[in-house]
Amino acid sequence: MAETTTTAAAPRRMSKRLQSNLITYGIVVAFFVIMTALDAAGILTNSLAGQLVPICAYVCMAVSLNLVVGISGELSLGHAGFMSVGAFSGVVAFSVMGGIVGNGLLAYVLALIIAALIAAVAGFVIGIPVMRLRGDYLAIVTLAFGEIIKNILNNLYVGLDANGLHFSLTDAKSLGMQGGSLLINGPQGAAGITKMSTFAIGIVLVLVTVTVVLNLVNSRTGRAIMSVRDNRIAAESVGINVTKYRMIAFVVAAALAGAAGCFYAMGYSSIVPKKFDFNTSILVLVFVVLGGMGNVRGSIISAAVLTVLPEMLRAISDWRMLIYAVVLILVMIVSNNPTLHQFFEALKAKFRRPVKVGRAEKGGEADE
Amino acid sequence: MSILHVEDLNVYYGSIHAVKGISFDVEEGEIVTLIGANGAGKSTTLNTVAGLLKPREGKVEFEGESLLGIPPHKIVSRGMALCPEGRRVFLQMSVRDNLEMGAFTRTNSAEVADSLEMVFERFPRLKEREGQSAGTLSGGEQQMLAMGRALMSKPRLLMLDEPSMGLAPILVQEIFNIIKALHDAGTTVLLVEQNARMALSIADRAYVLETGKVSMSGNAADLANDERVKQAYLGG
Amino acid sequence: MGFLTNLINGLSLGSVYAIIALGYTMVYGIAKMLNFAHGDIIMVGGYVCFCAVNYLGLPTGVGVLLSIVACTVLGIVIERLAYKPLRNAPSLDVLITAIGVSYFLQNAALLIWGSDTKSFPSVVNLPSVSLFDGQLVVSAITIVTVIAGVVVMVGLTMFTGKTRMGKAMRACSEDRGAATLMGINVNSTISLTFAIGSGLAAVAGVLMCSAYPTLIPTTGSLPGIKAFTAAVIGGIGSIPGAFVGGLVLGVIEIFAKAYVGTQLADAIVFGVLIVVLLVKPSGLLGKTVREKV
Amino acid sequence: GNSGSSSAGSSTTFKLGNIGPLTGAAAIYGNATKNGAQLAVDEINAAGGSIQFEHNCQDDEHDPEKSVNAYNNLKDWGLQVLVGPTTTNPCVAVSAETNSDNVFELTPSASSNDVIGGQEDADGNVTTARKDNVFQMCFTDPNQGTASAQYLAKKQLGTKIAVIYNNSDAYSAGVYKKFEAEAANQGLQIVSTSTFTDDNATDFSVQLNDAKNNGADLVFLPIYYTPAALILTQANGMGYAPDFFGCDGMDGILTVEGFDTKLAEGLMLLTPFVATATDEKTSAFTKAYKDAYGDEPIQFAADAYDCVYVVKELLEKTGCTPDMSASDICDKLKAAIVDGYTYSGLTGENMSWKDTGEVSKEPKGMVIKDGVYQPLD
Amino acid sequence: MSNMTASERHAAERRERTKMVPLPSDSIVPERDVNERPVLECRHLGIEFGGLKAVDDFNFTVGKTEIAGLIGPNGAGKTTVFNLLTKVYNPTHGMVMLDGQDTAGMDIAAASRAGVARTFQNIRLFSSLSVEDNVKIGLHNQIKEHTAPAVFRLPSYWKAEKQMHERALELLDFFDMGVYANHVAGSLPYGAQRRLEIVRALATNPKLLLLDEPAAGMNPSETAELMDNIRRIRDEFHIAVMLIEHDMDLVMGICEGIAVLNFGKIIAKGTPEQIQSNPQVIEAYLGKQDEEA
Ligand SMILES: Nc1ncnc2c1ncn2[C@@H]1O[C@H](COP(=O)(O)OP(=O)(O)OP(=O)(O)O)[C@@H](O)[C@H]1O
Ligand SMILES: Nc1ncnc2c1ncn2[C@@H]1O[C@H](COP(=O)(O)OP(=O)(O)OP(=O)(O)O)[C@@H](O)[C@H]1O
Ligand SMILES: CC(C)C[C@H](N)C(=O)O
Ligand SMILES: [Mg+2]
Ligand SMILES: [Mg+2]
């Protein structure tokens, strides 16, 4: 009896998960197609066109942060730090690679990869102390690391000349360069960046990020990560190396944020460390929470919508940030209102098969 | 007039209909027990009476006055206490502070001190652990603390949600002795128990709950001899 | 002498952090939420006092009182409107709401008071104390801030540890449902917490703006974060911890600026936080709460 | 937001865009440039000449990303010429965009090298290539630094000099670097150099102590007026009273609400414009500005005002018409501006532009006396 | 079996109860296990919490397929013993041998890999995940699948996933829980949650299964079913089970060797019959049984 039910349930569940993932990919692709079509038809406003690159970058940031916050269950308040590590290392890598393989797409892709790797290393190094902490203590330490990264980048000078790369932590003068160009100029950041990032590349990056996260989630590693989130002691007691799996989530997210940072930086001609401060970390966190914890599709949509929202409200300039704030508060209040919640549950239940046994599902799997 | 009158109570968790039209009465000075399987809605009923949950329909009257719409903290000061399922002691507070919190609504400090003495007398283990933070107590110790804390408000109606859960046999007996003693001292008790045998042995009347409804009710002794009850709840 | 000057400057900055941190710790300890809007209430406190003194021509003392009253009311209103509906929400949702409130306050201040800097007149108009033939000048505001910090810390410790309301607050912080069953009015207890926290924010705002006389809509954010850091260093939830953490942070920040360089001061401050937490994961004076299995 | 604009876009008006920080910590600058430009546009339109403008000013909150967004927004509106952005960091980002779109850009006040590109910094490094469509109405930072050092030396204003600058700001760091280099040439003695960052701009006790302990009698502040006001107040609190000397960023300090202007007595700064000057142009402008906006104009309002007139004259000179594309207009204007064109306005007489994008004009030293700016000489 | 009443089942079990034989180490094991290496040996095990000897000189042996019981008053230290066996706590004295392997220096995860699995006094499921995922997580160290192949969806990933899926359902079906496979664990009825915890523990392929009050909150008929399940686990998985329980019907019904703890010390060891009649145990734990046990 039980036999038949379960074997029937298995493929259905697989396909449900697959279906949900396909919808997610579909949304990204559809967004690309629509925007490209609008552009071709000349309907796309410059304002929106100009935001496509940052939208893709923020989507990648939100999806990767979701891996830490939603899926691994650790509140990280310093995600922008990894973005800036990626941004600056990417800019330097591109200049160096440009000299070797030419200033083309190849150098750019290499830069993205190098940025991701360096951010991953940063994530690992930072992860060592961070993973010893939990909860709000972990949150404040990630915040601290975000600020430390910014502070260090504010003091970092990198130059490139015929002799190669020069680094300094004091000032540009001590680089001791002969001619050449100053790639990173301390707090003034990097200027004169070759703008390589395009919307199409951004979509590819989003797809890669989403694939990595979704595939990770639906695997042994992902389940281990989620088990630690749900109950650390129980996870340990079934033999899971808790630190290892928290670290995997943290490092993968850092790497993805690094790539997003490089992509972002190379969409602007100049970039300063201050851009990636606490406020940016918070901004991305807002995307994640509004999109739903552990919900990748939600992160994508909320990152895109919330990036465009302030620009759409430009017409009411003085009021727009106030309205943004009110929207944020209202969304939180409304989504936690039991009466409304019940209403949506009931609505959802209408569209769903009745559940066979026991209680209705609550929560939901973190796998879409 | 009964001290507690519940009529046609309907409680939902979201779309889950947990309590489906339960009615019962508790008379002054009685011990009444609610028994039933896991998930029958016993805790939900108690929590609703205590004001922690809002019923969608139905009446809850305490000493003739409706409790609906009255916030739970005010219900406490009217003389009703609930010792909740799962203990819910204040883990980071000391045993003594926990007990003092139980007397939050009482202002006469001399009387409170007497109650404290009384609780320590009944549960000497708590006296031993007076200064220890409740979080490091064993499960059973926490259960004693929870019950002691409920007693500290000196309630006229004491509601106990599975007080014997996780207790050593000797303590189970002790808990039931205490309930009997409270009863003798005039406190009305509404008891929810998995340990139906014990519960029925001390209760005056009982209600059997099944999936949110009252399926049987009556004199506790009669129910204890009922075949269906024996079969389902007393282990044959 | 340079060292002493720096130490005094550090204590001055530190006691500002300490007072902010006390408010933070209070709200965190009881309501279990990171109230990111706390720093912005400080800012409002500063503006209210500024307006009272500069526009209404009220005496400074009245301005300070007005500011405390305004912030207390503001704290209660924010709690009722924005946080109360989220009593049972996941903590991250509450955090995001607090961030929303923070944005709201900043932008409302922008609309009301404009974005240009206001120079805050000191509320302490006493002469500075000059020691060692004027080599060491301790400003009156520093002395007042340090004293205020001590008074607030002692007061709060007594309040939460000894009084009935204080114990009710601790009960609410652990288990609101159980607290209700004890007859505690959880809503008013949490409101009271916010009222006290916000009133403290006003005091902090006035003192901070007096010591560092500049006022813009974002005045509160960075000190808010620093004070939060201070609270964590001291052991979040611990009242003496917040005070000690604040002082430690202020002194380290000034020493780092003076002896290492202004550039890396923040990195050092946050580095200290990390080191402290690694050595003592619950902060200097925080209690280690072990989960019993 | 958008400032008042005249009738809906038609082919009889040029669309003049403007970007600046209208909110946020640098809002004073943005609002000044917005108002200054608006004043000029209103005058030009009222005069009813062949050139008529529609003016649209967008907020960038002093953030590069927002500034680029603002620029794209202006493009959607149909922007033909850009005046702005007001501050350096956003301007660097936007000028890269205007450069690739070939839109003529004249910034009233963004003074860093990177705005125009192609310049070596004090260490001989080049970070950006020359953007040939971008010009400045203000001095470049290096020029300010050099001028300040020369001025101090010439007037023998200080023997021991301390510098406090904002290391996170391209403008401030740019001025400082050239100042330092030139100070060495001029034999000025710098006894203390300390920095701060935007995140650390509320407490200057350490920096002031350093200056005081090293016996500095003049403190050079190549920074914005907001932290400067704080520095003056804190110095006063600790009983330290050296002379203070600033650059264009210092302008606005007297408008800080609640600031005890007595503290600014004796403060010197380099600026091309003072509202209290008595020449006809300045007093007319100051009056009109006060009538329209209620405050005294600061130099950036004047810079923006001049910008609009320069654009107008160039459009006239090159015979551009409103139906031309932004790129065609740009080609004409960028050729014309370096082709022996001179302009005399509020911020200088006979100003001209090099093909590096820099303006050449004379800096003026000002000192605050009795609460108003007075020429130093 | 299912048409037998609970008491009939108990009687049947008692009839076929194995003979217990003493070992040199003053412990007893079932006759059938006497030639096998014991799965658990505790020697002089002890732990102190700030002076409190929660467990003291604990000596106990569990045979390879024994069902052992650990009883004692509340706060006697039973759960603490489990925490010592699973390395949640590190002992301050003595040692634990798991299937001949010293567990000193292991952490919780290592202890699990060494063959001990447990359930918790307060249910600890991965409550937001599906029932099947809960079991798959239990299989973590049984069926390996690496991160990189999973991210790139290589064939090895699909193979491992299929294996895990099949094994998980097999285990769930063993407890008639296949129907719940797609349900969110936290939404299961209480009894099912307790069973799921056991399934998850079994998924780790343990040699010793520790159950902490598995019958808490169950009524007698549910308890009887649980007893069946525990026996089936022992018989079909050929492992040892050690359980803590206050329900004497269950303990006396299925345990072969029993230890009684009081104040951290063993006060009695023996077969159910010996324990039930031990005056010390009656005094400290059982109380005078006025009803049939
Ligand atoms: N917080 C909740 N959310 C959703 N459903 C709930 C919640 N609490 C209880 N339920 C459901 O309501 C029903 C009644 O539960 P209740 O806890 O009242 O039962 P009970 O009789 O006390 O059972 P037990 O013996 O397990 O304590 C059950 O089906 C349960 O699943
Ligand atoms: N982490 C700890 N810190 C301090 N004391 C502790 C700690 N853990 C347990 N104890 C103490 O050790 C004693 C034994 O606790 P334990 O939980 O093992 O009891 P138990 O036998 O399982 O009781 P119960 O049957 O009530 O669950 C208790 O007195 C408890 O207070
Ligand atoms: C408005 C001015 C003070 C701007 C400054 N010159 C800068 O480039 O940032
Ligand atoms: Mg219950
Ligand atoms: Mg226990």
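Protein chains in written order, with the numbering used here: chain A, 2 to 369; chain B, 644 to 879; chain C, 2 to 294; chain D, 19 to 395; chain E, 1361 to 1653. Glycine residues also receive a C-beta, built at the ideal position from the N, C-alpha and C atoms.
(request) Would you identify the three-state DSSP class for Q874(B), choosing helix, strand or coil? (result) Residue mapping note: residue 874(B) aligns to position 231 of the second sequence, counting from 1. Helix.
(request) Express the C-alpha separation of G67(D) and D309(D) in angstroms, rounding to a whole number. (result) Within the fourth sequence, numbered from 1, the residue matching residue 309(D) stands at position 291. Within the fourth sequence, numbered from 1, the residue matching residue 67(D) stands at position 49. The alpha-carbon separation between D309(D) and G67(D) amounts to approximately 23 Å.
(message) Can you check which of these residues, D297(D), A253(D), I69(D), is closest to D341(D) by C-alpha distance?
(response) Reading the fourth sequence from its first residue, position 323 is the one you call residue 341(D). Out of D297(D), A253(D), I69(D), I69(D) has the C-alpha closest to the C-alpha of D341(D).
(request) Could you tell me which of A258(A), G177(A), M267(A) sits nearest to V64(A), measuring between CA atoms? (result) To locate residue 64(A), count along the first sequence from 1; it is residue 63. When A258(A), G177(A), M267(A) are compared, the shortest CA-CA separation from V64(A) is found for A258(A).
(request) If I'm right that G160(A) touches L139(A) with Cβ under 8 Å, what's the distance once you round it to whole angstroms? (result) As a working note, residue 160(A) is residue 159 in the first sequence. As a working note, residue 139(A) is residue 138 in the first sequence. With a Cβ gap of about 37 Å, G160(A) and L139(A) do not count as contacting.
(message) Counting only beta-carbon separations shorter than 9 Å, does N186(C) have a partner in chain B?
(response) Along the third sequence, read from residue 1 onward, the residue named residue 186(C) stands at position 185. At least one chain B Cβ lies under 9 Å of N186(C).
(request) Quickly, what does DSSP pair Q207(D) with across the bridge? List them, please. (result) Looking up residue 207(D) in the fourth sequence gives position 189. BP columns for Q207(D) point to K178(D).
(message) At a threshold of 8 Å, does Y194(D) count as lining ligand 3 (C-beta to nearest heavy atom)?
(response) Position 176 of the fourth sequence, counted from the start, is the residue given in the question as residue 194(D). No, since every heavy atom of ligand 3 falls outside the 8 Å radius drawn around the Cβ of Y194(D).
(request) Please confirm whether any heavy atom of ligand 3 lies closer than 8 Å to the CB of Y47(D). (result) If you number the fourth sequence from 1, residue 47(D) lands on position 29. True, at least one ligand heavy atom lies under 8 Å from that Cβ.
(request) Pair every Cβ in the stretch 195-209 of chain A with every Cβ in the stretch 1470-1477 of chain E, then say whether three or more of these pairs are closer than 8 Å. (result) Note that the stretch 195-209 of chain A does not touch the stretch 1470-1477 of chain E; fewer than 3 beta-carbon pairs, one per stretch, sit closer than 8 Å.
(message) Between which residues of its own chain and V130(C) is the CB-CB distance below 6 Å, once the five residues before and five after are set aside?
(response) On the third sequence, position 129 is the one that residue 130(C) refers to. The answer, listed in chain order, is V139.
(message) Taking DSSP's pairing of strands, which residues face I1431(E) in a bridge?
(response) Here residue 1431(E) is taken as the residue at index 71 of the fifth sequence, counted from 1. In the DSSP assignment, the residues bridged to I1431(E) are V1620(E).
(message) Counting only Cβ pairs nearer than 7 Å, list the residues of chain C close to T748(B).
(response) Start at 1 with the first residue of the second sequence, and residue 748(B) comes out as number 105. Residues of chain C passing the Cβ test: G184.
(message) By the three-class DSSP mapping on this structure, what secondary structure does R749(B) have?
(response) Looking up residue 749(B) in the second sequence gives position 106. Coil.
(message) In this structure, how does DSSP classify D77(D) when only helix, strand and coil are distinguished?
(response) Residue numbering aside, residue 77(D) sits at position 59 when the fourth sequence is read from its first letter. The DSSP-derived three-state label of D77(D) is strand.
(request) Return the chain-ordered list of same chain residues with a C-beta closer than 6 Å to the C-beta of G389(D), the five sequence neighbours on each side being excluded. (result) Counting from one through the fourth sequence, the residue named residue 389(D) turns up at place 371. So the list reads T279, once near-sequence residues are dropped.
(request) Could you name the residues whose beta carbon sits closer than 7 Å to any heavy atom belonging to ligand 4, keeping them in chain order? (result) Taking each Cβ in turn, the ones that pass are K685(B), S686(B), E728(B), D804(B), E805(B), V835(B).
(request) Assuming P1574(E) and R1554(E) form a contact by the criterion Cβ under 8 Å, report the distance between their Cβ atoms to the nearest whole angstrom. (result) Here residue 1574(E) corresponds to residue number 214 of the fifth sequence, with the count starting at 1. Here residue 1554(E) corresponds to residue number 194 of the fifth sequence, with the count starting at 1. Between R1554(E) and P1574(E) the Cβ distance is about 6 Å, and since that is below 8 Å, they are a contact.
(request) Flag T41(D) as yes if its beta-carbon sits less than 9 Å from any beta-carbon of chain C, otherwise no. (result) Taking the fourth sequence and counting its residues from 1, one reaches residue 41(D) at position 23. Taking 9 Å as the CB threshold, T41(D) lines the interface with chain C.
(request) Evaluate K163(C) with the Cβ neighbour count: other Cβ atoms within 10 Å of its Cβ, from every protein chain shown; 16 or more gives buried, anything less gives exposed. (result) Looking up residue 163(C) in the third sequence gives position 162. K163(C) comes out exposed.
(request) Could you name each continuous beta strand (DSSP E) segment of 3 residues or more that falls completely within the stretch 132-177 of chain D, going from the start of the chain to the end? (result) Those beta strand (DSSP E) runs which fall completely within the stretch 132-177 of chain D and span 3+ residues are 152-154.
(request) Can you tell me which of A171(D), D216(D), V274(D) puts its alpha carbon nearest to the alpha carbon of L236(D)? (result) Position 218 of the fourth sequence, counted from the first residue, corresponds to residue 236(D). The shortest Cα separation from L236(D) among A171(D), D216(D), V274(D) belongs to A171(D).
(request) Give the single residue among A88(D), D269(D), L281(D) whose Cα lies nearest to the Cα of P260(D). (result) To locate residue 260(D), count along the fourth sequence from 1; it is residue 242. That would be L281(D), whose Cα lies nearest to the Cα of P260(D).
(request) Can you tell me which of the three DSSP states M736(B) falls into? (result) For the purposes of this step, residue 736(B) is identified with residue 93 of the second sequence, where counting begins at 1. Correct three-state label for M736(B): coil.
(message) Any heavy atom of ligand 2 inside 8 Å of the beta-carbon of F733(B)?
(response) To locate residue 733(B), count along the second sequence from 1; it is residue 90. No, the beta carbon of F733(B) sits no closer than 8 Å to any heavy atom of ligand 2.
(request) Under 8 Å between beta-carbons, which chain E residues line up against E813(B)? List them in chain order, please. (result) Locating residue 813(B) in the second sequence gives position 170, where the first residue counts as 1. First, the residue type needs correcting, since residue 813(B) is Ile and not Glu in the sequence shown. Going along chain E in sequence order, the residues near I813(B) (Cβ under 8 Å) are P1433, A1644, Y1645, L1646, G1647.
(message) Using CA atoms only, rank isn't needed, just tell me which of Y260(C), A243(C), A32(C), L285(C) is closest to V155(C).
(response) Translated into the one-based positions of the third sequence, residue 155(C) becomes position 154. Checked all of Y260(C), A243(C), A32(C), L285(C); the closest Cα to V155(C) is A243(C).
(request) Output the distance between the C-alpha atoms of G91(A) and G128(A), rounded to the nearest integer angstrom. (result) What you label residue 91(A) is simply residue 90 of the first sequence in a count that begins at 1. What you label residue 128(A) is simply residue 127 of the first sequence in a count that begins at 1. About 21 Å.
(message) I'd like to know whether the C-beta of E366(A) is nearer than 9 Å to at least one C-beta of chain E.
(response) By one-based count along the first sequence, residue 366(A) stands at place 365. For E366(A), the predicted structure reports a pLDDT of 29, less than 50, and the residue's modelled location is therefore unreliable. The matter cannot be settled from this model.
(request) Have a look at the DSSP bridge pairing and note the partners of W371(D). (result) The sequence position of residue 371(D) within the fourth sequence is 353, counting from 1. According to DSSP, which records beta bridges pairwise, W371(D) is partnered with V377(D).
(message) Taking the straight line between their C-alpha atoms, what separation do you get for R799(B) and M723(B)?
(response) Taking the second sequence and counting its residues from 1, one reaches residue 799(B) at position 156. Taking the second sequence and counting its residues from 1, one reaches residue 723(B) at position 80. Distance between the alpha carbons of R799(B) and M723(B): 6 Å.
(message) Report the start-end ranges of each alpha helix (DSSP H) in the stretch 1511-1557 of chain E that is 4 residues or longer and not cut off at the edges.
(response) Here the runs fully enclosed are 1515-1534.
(request) Ignore the nearest five residues each way along the sequence and tell me which others in V252(A)'s own chain have a CB closer than 7 Å to its CB. (result) Residue numbering aside, residue 252(A) sits at position 251 when the first sequence is read from its first letter. In the same chain as V252(A), and ignoring 5 residues on each side of it, the C-beta atoms closer than 7 Å to its own belong to A121, G124, F125, G128, in chain order.
(request) Would you be able to state if there are at least three C-beta pairs under 8 Å between the stretch 372-379 of chain D and the stretch 149-161 of chain D? (result) Touching, yes, given that three or more Cβ pairs across the two stretches are closer than 8 Å.
(message) I want to see whether chain D comes within less than 9 Å of T219(C), judged by CB atoms only; does it?
(response) Counting from 1 along the third sequence, the entry for residue 219(C) is found at position 218. Yes, its Cβ sits closer than 9 Å to a Cβ of chain D.
(message) I'd like to confirm something about T1439(E): is its beta-carbon nearer than 8 Å to some heavy atom of ligand 5, or not?
(response) Your numbering for residue 1439(E) matches position 79 in the fifth sequence. In this structure, ligand 5 has a non-hydrogen atom nearer than 8 Å to the beta-carbon of T1439(E).
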